[in-house]
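Heads up: the sequence shown begins at 10 in my numbering, then just goes up one per residue.
Note that CB positions come from ideal geometry on N, CA and C, so glycine has one too.
Note that this is a predicted model, so its numbers are computed, not measured.
What follows is a set of notes on a single structure, which appears directly below.
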Amino acid sequence: MHRSAVAAAALVALAPVAALTSTSTARGPATGMADVAAVPTYSVAARISASEVVSGEETVKVRGTVRPRAAGQVVVLQQRSAGSRTWRRSGQGRVRANGRFVLSDSPSTPGVRFYRVLKPASRAAKAGTSRELRLEVWRWEPLVHRVVGAHGGIEVGSVQIGGQAFPDSIVTTVAGEAGHATYVLGGSCRTLRATYGLADTSSDGASGRIAILDPGGGLSLVFLETGTIERDRVTDLTGTIRVRLEMLTTSTPAGYAAIGMPEVLCLD
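Structure follows, in structure tokens:
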């Protein structure tokens, strides 16, 4: 009986200690989780300077802000091509004292791409990214580098028009005989730019014409005379799948129709 009374008294004395220990153990993890949850994530807002650019002619700028402010810290410009899920680094910059940044890129490969801005994690906040920004990159390329379909009566190479040499050009081979060529664009090119005239090998008084056609009908018609040159003429090709060039000159005086360095502005 005496031993039982002593044991009971000991249990009563230890009960508050056990309760305190149990309470402390339960609160420990909860406090740690609250600390982790309290760490914010960087909020990155960004906008792009243009929805489309021409390769080699324009630089795109991405401007934005970071919150919470991260003055002097690095932000990274990333990009991915359409159809790809892989982001790659395009450049970096630093956040200004006011929380703003400016990043730039000079894209060269044609096609659709997406940009985003990454603010890496720091002791103050978790990493954050901006929304995706879409950009179309167009590029001028020689028309004669595109896939050619039916063609005849022409040569491709350098041609002299008005004393100037034009590479990647098209010229008829026989005076008075028609020349033609069809190039496949696939609907991804929107502009044709070229110089039109009679080749310097033509005789005085020669004349001719060049028709620029698509399957739906005429696009443009150019009339040629010796001594007359139409430089950098632009033709709209929006939505054109195939473009056909038809060239014809007089046989006497002998004329040779020439298209100097034709280029197309394409997205592929």
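Remark: C-beta atoms of A174 and A266 do not approach each other more closely than 9 Å.
Here P271 has L152 and A203 as same chain residues with Cβ atoms under 6 Å from its own Cβ, once five neighbours each way along the sequence are excluded. For L276, the three-state secondary structure derived from DSSP is coil.
By the criterion of a C-beta distance shorter than 7 Å, G137 is surrounded in its chain by T50, Y51, S52, V53 and K128, once the five residues flanking it on both sides are discounted. Residue burial annotation: A55 is buried, with at least 16 other C-beta atoms found within 10 angstroms of its C-beta. A contact is defined here as three or more CB-CB pairs under 8 Å, and the stretch 139-159 fails this definition with respect to the stretch 211-229.
Per DSSP, reduced to three states, the secondary structure at V180 is strand. Non-local beta-carbon contacts of W147 in its own chain, meaning distances under 8 Å to residues more than five positions away in sequence, involve E61, V62, V63, S64, P119, R199, L274, C275 and L276 in chain order. Contact between V126 and V84 is confirmed by a C-beta separation of about 6 Å, below the 8 Å threshold.
A distance below 9 Å separates the beta carbons of G108 and A80.
Taking all protein chains in view, the Cβ of D213 is surrounded by fewer than 16 other Cβ atoms within 10 Å, so the residue is classified as exposed.
Residue nearest to P224 within the set L254, V111 and V243 is L254 (criterion: CA-CA distance). In the structure shown, the three-state DSSP call for L152 is helix. Within the DSSP secondary-structure output, L254 pairs in a beta bridge with A190 and I221. Distances from the alpha-carbon of L257 to those of T191, I163, R240 and S167 put I163 closest.
The three-state reading of DSSP puts L230 in strand, counting E and B together. 9 Å or more divides the Cβ of G171 from the Cβ of I268.
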